[in-house]
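A quick write-up on the structure given underneath.
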Amino acid sequence: MKKPITVSGATSIDTGRRNFLKLGGIGVMIAGLALVGCDDDDFDYNPGNNIFDLGAGDVGVLNYAYALEQLEADFYTKVVNNFYTGASTAEKEILTDLYHHEVIHRDFFKAALSGATTQVLPTLEFQYPNVNFNDRTSVLATAKALEDTGVAAYNGAGKYITNPTYLVIAGKIVSVEARHASAIRDLINPGTAAFSGDDVIDTNGLDLAKEPKDIVAVAGGFIKTPFTWKERGIG
Amino acid sequence: MNILKILDKLSDDTLFSKTFSRNENLNHISSIGKKAAIAAIPLGMGSMLAAETKNENSADSIYFKKDALTDALQLALVLEYLEDEYYKIGLNTLSLIPTADRTVFMQISKHENAHVNFLKTTLTSLGVTPGAKPTFDFTAGGSFTPFTNYSQFLTLAQAFEDTGVRAYKGQAGNVMSNKTVLQAALQIHSVEARHASMVRRMRANKGWIELANGGNMPPATNPVYAGEDLTVQAGFNTATAFGNAAGSASFDEILTGTDAQAIASLFIV
């Protein structure tokens, strides 16, 4: 077992290849998706090694959404291809719907980007070092984290979109992610306030909204393929 | 007199299909008959109604951008007033909501109340007086009995939440000029979606909307779901992979300001 990296307390991950390789050997805590990160200054980052940059302006935001949808699609594909032990009919139906929706989202962004630019994010590789796909608790906790992350990501990225059409598209997707999150949270804690819990909704009644840098820091543990988004200070 | 009722009575597409200045609006209106409360139409209300047809980049729209933004917030406030009062009455109605369901509605109610206060504060900070709370009739003129029939209470709750999601989404373009307001609107919008998903599932529906079927909803709520069966998004066919139900459910649709007002007006005296 590899020796874990000491967390330096920073909130961003340098997504350079060296870091991704190191992260691959570390258990990423799923509960709350604890941040595992290193200060950008800790590593020499060589921009000349062909790492994909998400791009500028709206293209960058679309590629960002595409990356997150790739992750969700990949996760749910694994889930539905081998449901965890004891999955109920209702749970299978929900997870299958989520699989459908995220695959559609992913394919939508690939098509939308391909029509708008040549700078289309390639297919990423993912890893789930601490996820037990045979265990309900592990799968649902990961699903919850991914859906909440999706909501926070879209809510935090909206302000970076300049084309109103793209903004509406993002809006059409984020509410579906929120519906997902609500359902998963209720599966975990039925009949409680968890569907729209105080852990994600503040005293103004506002849901999460996170900066791309913070989202990539959290989701980066699942992503093996490095990328940068220099415009948003990532990499 | 309630502002939405005024607009409803004045309903005339050509009146609001161009961006008028306030004076021009008043002059135009006086040519088709004047009502006492017309002078109270907020500046730019016409631009909000025409938002879906207006060229966002026109010089006129730049002049009206702030008003399109605050009008969007006023519309949102009306919807939040509606939800806030609805859940307060429901929670205070003895023996309406089963004990096992109270936690959910207390959480939803808490959020709607917070939304009302947040929107009022936001409008005030933008230099605009928040609209007053309308007088609501949740029976919609006797069509529903939500406070004596829990099934109907759930039905209308689902309608209100699904409407809220679509209404906020429809106003995104009108608030994007102010990044702070836009982000807050998105953050409220996703909360309404969480609510909607939960209430839908309490009614044995899926948390998401497949086709244009609200799921055991009365015909009066058809406008809430009209258009949700769309399976083409920016030229991409969302039904190819898994069929129409999944394709349509993977994207929620907007409601224009006009359509959102029309739905809310059913419950406003």
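As they're listed, the protein sequences go chains A and B. Following my numbering, the numbering of the first sequence begins with -11 at its first residue and continues without gaps. Following my numbering, the numbering of the second sequence begins with 4 at its first residue and continues without gaps. Think of the CB as a built atom: it goes at the ideal place given N, C-alpha and C, for glycine as much as any other residue.
Asked                                                                                                                    : Found
CA-to-CA distance, B:Leu185 to A:Lys147, given in whole angstroms                                                        : 7 Å
Residue-level contact to chain B via CB, A:Thr180, 8 Å cutoff                                                            : yes
Residue nearest to B:Lys172 in terms of C-alpha spacing, selected from B:Ser268, B:Asp70, B:Ile100 and B:Leu78           : B:Leu78
is_contact[B:Leu159, chain A] using C-beta, thresh 8 Å                                                                   : no
Against chain B: residues of the region 87 to 121 of chain A by CB proximity under 7 Å                                   : His88, His89, Val91, Ile92, His93, Asp95, Phe96, Ala99 and Ala100
Within 8 Å, strictly: CB atoms of B:Ala248 and B:Glu213                                                                  : yes
Interface flag, A:Asn143 vs chain B, CB-CB below 8 Å                                                                     : yes
A:Asp41 in three-state terms, based on DSSP                                                                              : strand
For A:Ser170, the nearest candidate out of B:Leu72, B:Gln110 and B:Asn95 (CA to CA)                                      : B:Gln110
Positions along the region 174 to 201 of chain B whose CB lies within less than 9 Å of some CB in chain A                : Ala175, Gly176, Met179, Lys182, Thr183, Leu185, Gln186, Ala187, Ala188, Leu189, Gln190, Ile191, His192, Ser193, Val194, Glu195, Ala196, Arg197, His198, Ala199, Ser200 and Met201
Rounded Cβ spacing between A:Asp195 and A:Ala166 (contact assumed at less than 8 Å)                                      : 7 Å
Proximity winner among B:Ser251, B:Thr124 and B:Ala175, relative to B:Gln236 (alpha-carbon distances)                    : B:Ser251
Interface positions of the region 101 to 114 of chain B facing chain A (Cβ-Cβ less than 8 Å), listed along the chain     : Ala103, Asp104, Thr106, Val107, Met109, Gln110, Ile111, Lys113 and His114
Straight-line gap, A:Glu113 to B:Gly238 (C-alpha atoms, nearest Å)                                                       : 28 Å
Contacting residues, own chain, Cβ-Cβ under 6 Å from A:Leu86 (five flanking each side not counted)                       : Tyr64 and His168
Residues near A:Val47 by beta carbon distance below 8 Å, same chain, minus five either side                              : Leu101, Ala104, Thr105 and Gln107
Cβ-based burial, B:Asn208 [other Cβ within 10 Å; buried from 16]                                                         : buried
Among A:Tyr116, A:Leu175, A:Ala55 and A:Ile189, nearest to A:Glu81 - alpha-carbon criterion                              : A:Leu175
Whole-angstrom C-beta distance between A:Val68 and A:Trp56, which should lie under 8 Å                                   : What sits at residue 56 of chain A in the sequence shown is Leu, not Trp. So it is not a contact: roughly 19 Å between Cβ atoms.
Beta bridge counterpart(s) of B:Asn240 as assigned by DSSP                                                               : B:Val235
Any chain A beta carbon closer than 8 Å to B:Lys209                                                                      : yes
Residues that A:Asp195 contacts on chain B, provided the C-beta gap is smaller than 7 Å                                  : Gln190, Ser193 and Val194
Selected residue, minimal CA-CA separation from B:Leu80, among B:Gly217, B:Asp255, B:Ser200 and B:Val131                 : B:Val131
CB contact below 8 Å: A:Lys198 versus chain B                                                                            : no
Reduced DSSP secondary structure (H/G/I, E/B, other) of B:Phe141                                                         : coil
Alpha helix (DSSP H) runs contained entirely in the region 166 to 201 of chain B, provided each spans 4 or more residues : none
Same chain, Cβ closer than 7 Å to A:Ile211, neighbours up to 5 away in sequence not counted                              : Leu59, Leu112 and Phe114
Residue-level contact to chain B via CB, A:Ile161, 8 Å cutoff                                                            : yes
Neighbour flag for A:Lys80 against chain C, beta carbons, 8 Å                                                            : Annotation note: the requested chain C is absent from the structure, which comprises protein chains A and B.
Buried versus exposed, by CB contacts within 10 Å (16 or more), A:Pro110                                                 : exposed
Under 8 Å from the C-beta of B:Thr241: neighbouring residues of chain A                                                  : Ile92 and Phe96
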